[in-house]
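Participant: Quick one: structure below, then a few questions.
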Amino acid sequence: MDRDYISKKELLELTGISYGQLYRWKRKNLIPEDWFIRRSTFTGQETFFPKEKIMARIDKIIHMKDDLSLDELADMFSPNLTGSMLKPEELIAQNIVSKATVDLFTQHFGSAESYPFQHFLYAYIVERLLVMGEMSLEEGKGLLQVLESHYPKFQGKPCELIFIRKMGISAFALASNASELYFDQSVKVVSRLNVSSCLEELKTKLKY
Amino acid sequence: MNQDNRPDLVIHGTVNAAGGVYGEVAVHGFGKIKGNVECLDLHCAGHVNVDGDVHASRGKIEGNANICGAAHFENMEVYGQLDVNGDMTFTQLRVDGSVKVHGSVSGEEILLNGFLKATGDCEAEVFKAKGAFTIGGLLNAGHVSIHLHGSSEAREIGGEHIEVRKAGISTLNKLMKQFFNNTLSVDTVEGDEIYLEYTRAKIVRGTNIEIGPGCEIDLVEYSGEFRQDSSSRVKEHTKRGEA
């Protein structure tokens, strides 16, 4: 078996959780359905998981299940956007986004007291790229536009943000997960960002 | 959806109706509904065919219902026959008749006294069966309690407590036994506490496993305790190291 995958048996031995827990978490949608990969082995059918993802997820669940209920956890891992409205000041206070990003953000969305959660997801993604120093503020505007007009089309399905640059001109693309993309030689892929993991991070930060 | 203006849809005789938002949908004759239906109460004592999704708080099927889309019910009771051609979700499902779902079934509690067939997975916190079922995928429930009243099958069963028992001996059962063999066949059973009777499985894995009478199992893997009835056949059993 290749190294990126772990069988159910190995997973339970490694993490010390029981079958009951695993099935319970699956029922509560803490572990996505498409991580359960069925393959035939010499003993019959076996279930495998993408190793890195499942280990990270189980680690998170084990550490957070004392503070949060399983339903709250499920809500955090779910790719659906929560409907809550948030104030930009709160996010600055919690160090989730910087003042610069919020300024950019209010320029784009117009100033209001509070904004829907998904706008903050966009702001958070912009923030991430700004902090990494890979993107200029000016480009951030373009990114906000791409996210606003196209991200809702994914309807919570996992997707990836691809940021490319060719001869100094930047472009953004949103692609559904696991798509392979090839560019011509002069294109530099500046950054590839998994939007669902950004969403998860943002939700985690908001809980505390 | 508009909560204030909910007309009732009552069908006597043969009626073709349009879908929409209703208060109560009652079918006593033969009804065909085109489009999605959202209602508080769905009561069918006749025959109804819905060409779309159904979303209802309460459902009671005493006749024959056919839903061509997905179905969601808070509380569902089926005494007749229900066919769903999509996924079905609910809070509570009681099946005294027969339910066939071409998709997955998920909810909080399933009480099965009749027959349930799902081509996909079946998920619930509590799964209590005193009937027969065929599940094409995984039966995943916190508490699985099965009294075998007919031959049942599932590809996999997983959960915390899993208990499979043979139905009590009654005259009817003795008669039925001439025609059916009441066994459960499943590929793998995985859970924390497992008790099995009259089950044919390839692999059983769990913490504490007890194999009652009438089982035929290829491999048992356990980490806690293992007990086996002498009338059962277990080809191989291994204790794995406590993780």
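Just so you know, the sequences run in chain order C and D. In this text, residue positions in the first sequence follow numbering that gives the first Met the number 0: the first is 0, and each later residue adds one. In this text, residue positions in the second sequence follow numbering that gives the first Met the number 0: the first is 0, and each later residue adds one. Quick reminder that beta carbons are idealized off the backbone N, C-alpha and C, glycines included.
State yes or no: is the C-beta of Asn-181 (chain D) within less than 8 Å of the C-beta of Tyr-197 (chain D)?
Facilitator: Closer than 8 Å, so yes.
Participant: Who pairs with Cys-214 (chain D) in a beta bridge, going by DSSP?
Facilitator: Its beta-bridge partners do not exist; DSSP assigns none.
Participant: Quick one: is Glu-189 (chain D) buried, meaning 16 or more other Cβ sit within 10 Å of its Cβ, or exposed?
Facilitator: Its Cβ being crowded by 16 or more others within 10 Å, Glu-189 (chain D) is buried.
Participant: State the Cα-Cα distance for the pair Phe-72 (chain D) and Thr-90 (chain D), rounded to the nearest angstrom.
Facilitator: Rounded to whole angstroms, Phe-72 (chain D) to Thr-90 (chain D) spans 7 Å at the Cα level.
Participant: Quick one: what's got a C-beta closer than 7 Å to Tyr-78 (chain D)'s C-beta in the same chain, skipping five residues either side?
Facilitator: Closer than 7 Å at Cβ, skipping near neighbours: Ile-60, Glu-61, Asp-95, Gly-96.
Participant: Near Arg-154 (chain D), which residues of its chain fall below 6 Å by C-beta distance, leaving aside the five closest residues on each side in sequence?
Facilitator: Excluding sequence neighbours, Arg-154 (chain D) sits near Gly-136, Asp-186.
Participant: Counting only C-beta atoms, is Ser-17 (chain C) closer than 8 Å to chain D at any point?
Facilitator: It does; some Cβ of chain D falls within 8 Å.
Participant: Run through chain D and tell me which residues come within less than 8 Å of Arg-56 (chain C), C-beta to C-beta.
Facilitator: Under the 8 Å cutoff, chain D gives no residues; its nearest Cβ is about 17 Å from Arg-56 (chain C).
Participant: Excluding the 5 residues preceding and the 5 following Ile-134 (chain D) in the sequence, name in chain order all residues of the same chain whose CB lies nearer than 6 Å to its CB.
Facilitator: Excluding positions up to five away in sequence, the list reads Ala-117, Cys-121, Ala-153.
Participant: Check each candidate in C:Phe-104, C:Leu-120, C:Arg-26 and name the one with the smallest Cα separation from Asn-139 (chain D).
Facilitator: Looking at the Cα atoms, C:Arg-26 is the closest of the given residues.
Participant: In chain C, which residues lie less than 7 Å from Arg-204 (chain D) when you measure between Cβ atoms?
Facilitator: In chain order: Tyr-18.
Participant: Can you tell me the Cα-Cα spacing of Glu-179 (chain C) and Ala-16 (chain D), whole angstroms?
Facilitator: If I take the Cα positions, the gap works out to 48 Å.
Participant: Output yes if chain D places a C-beta closer than 8 Å to the C-beta of Lys-25 (chain C); else output no.
Facilitator: True, the Cβ-Cβ gap to chain D drops below 8 Å.
Participant: Decide if Ser-230 (chain D) is buried, meaning its Cβ has at least 16 other Cβ atoms within 10 Å, or exposed.
Facilitator: With fewer than 16 Cβ atoms within 10 Å of its Cβ, Ser-230 (chain D) is classed as exposed.
Participant: Indicate whether at least one CB of chain D lies closer than 8 Å to the CB of Gln-44 (chain C).
Facilitator: Output row for Gln-44 (chain C): interface = yes.
Participant: Under the three-state reduction of DSSP, which class applies to Pro-87 (chain C): helix, strand or coil?
Facilitator: Helix at Pro-87 (chain C).
Participant: Is it true that the CB of Leu-160 (chain C) sits closer than 8 Å to the CB of Phe-171 (chain C)?
Facilitator: A contact, by the Cβ cut-off of 8 Å.
Participant: When the cut-off is 8 Å and only beta carbons count, does Glu-215 (chain D) lie next to chain C?
Facilitator: So, not an interface residue.
Participant: With 8 Å as the threshold, decide whether the Cβ of Asp-95 (chain D) is near any Cβ in chain C.
Facilitator: No - not a single Cβ of chain C is within 8 Å of the one on Asp-95 (chain D).
Participant: Assign Cys-38 (chain D) to one of three DSSP states: helix, strand, or coil.
Facilitator: Cys-38 (chain D): strand per DSSP, three-state reduction.
Participant: For Asp-82 (chain D), write down the residues that DSSP places opposite it in a beta bridge.
Facilitator: Answer by DSSP bridge pairing, in chain order: D:Asn-65, D:Lys-99.
Participant: Please list the partners that Glu-122 (chain D) has in chain C, where partner means a Cβ-to-Cβ separation under 7 Å.
Facilitator: Correct list: Arg-26.
Participant: Please classify His-71 (chain D): does DSSP put it in a helix, a strand, or coil?
Facilitator: DSSP places His-71 (chain D) in strand when its eight states are reduced to three.
Participant: Determine, using beta carbons only, whether Asp-52 (chain D) comes closer than 8 Å to chain C.
Facilitator: Chain C contact via Cβ: absent.
Participant: For the putative contact between Tyr-22 (chain C) and Gly-157 (chain D), defined by C-beta atoms under 8 Å, what is the C-beta separation to the nearest angstrom?
Facilitator: With a Cβ gap of about 4 Å, Tyr-22 (chain C) and Gly-157 (chain D) count as contacting.
Participant: Is the beta carbon of Lys-140 (chain C) sitting closer than 8 Å to the one on Leu-103 (chain C)?
Facilitator: Taking 8 Å as the Cβ cut-off, Lys-140 (chain C) and Leu-103 (chain C) qualify as a contacting pair.
Participant: Look up Met-0 (chain D) in the DSSP assignment and say whether it is helix, strand or coil.
Facilitator: Here the model assigns Met-0 (chain D) a pLDDT of 49, short of 50, so the residue's position is not dependable and the matter cannot be decided.
Participant: Are Ser-17 (chain C) and Leu-10 (chain C) touching if we call contact CB-CB under 8 Å?
Facilitator: No. Outside cutoff.
Participant: Kindly indicate if chain D contains any beta-carbon less than 8 Å away from that of Tyr-22 (chain C).
Facilitator: Yes - at least one Cβ of chain D is within 8 Å of the one on Tyr-22 (chain C).
Participant: Please name the residue in C:Glu-112, C:Leu-120, C:Ser-185, C:Leu-146 whose C-alpha comes closest to that of Ala-174 (chain C).
Facilitator: Of the candidates C:Glu-112, C:Leu-120, C:Ser-185, C:Leu-146, the one whose C-alpha sits nearest the C-alpha of Ala-174 (chain C) is C:Leu-146.
Participant: If you compare alpha carbons, which of D:Ala-55, D:Gly-58, D:Gly-19, D:Met-87 is closest to Gly-68 (chain D)?
Facilitator: Of D:Ala-55, D:Gly-58, D:Gly-19, D:Met-87, the residue nearest in Cα terms is D:Met-87.
Participant: Where does the unbroken alpha helix (DSSP H) through Gln-106 (chain C) begin, and where does it stop?
Facilitator: It spans 98-108 - the alpha helix (DSSP H) in which Gln-106 (chain C) sits, taken as one unbroken run.
Participant: Give the straight-line distance between the Cα atoms of Leu-115 (chain D) and Ser-6 (chain C), rounded to the nearest whole angstrom.
Facilitator: Looking at the two C-alpha atoms, the distance is approximately 31 Å.
Participant: Beta-carbon of Phe-225 (chain D) versus every beta-carbon of chain C: anything under 8 Å?
Facilitator: No, Phe-225 (chain D) does not count as interfacial toward chain C.
Participant: At 9 Å on the CB atoms, spell out the chain C contacts of Glu-189 (chain D), in chain order.
Facilitator: Under the 9 Å cutoff, chain C gives Lys-7, Tyr-18, Gly-19, Leu-21, Tyr-22.
Participant: Closest to Thr-203 (chain C) by C-alpha separation, out of C:Pro-31, C:Phe-108, C:Ala-73, would be which residue?
Facilitator: Nearest of C:Pro-31, C:Phe-108, C:Ala-73 to Thr-203 (chain C), Cα basis: C:Ala-73.
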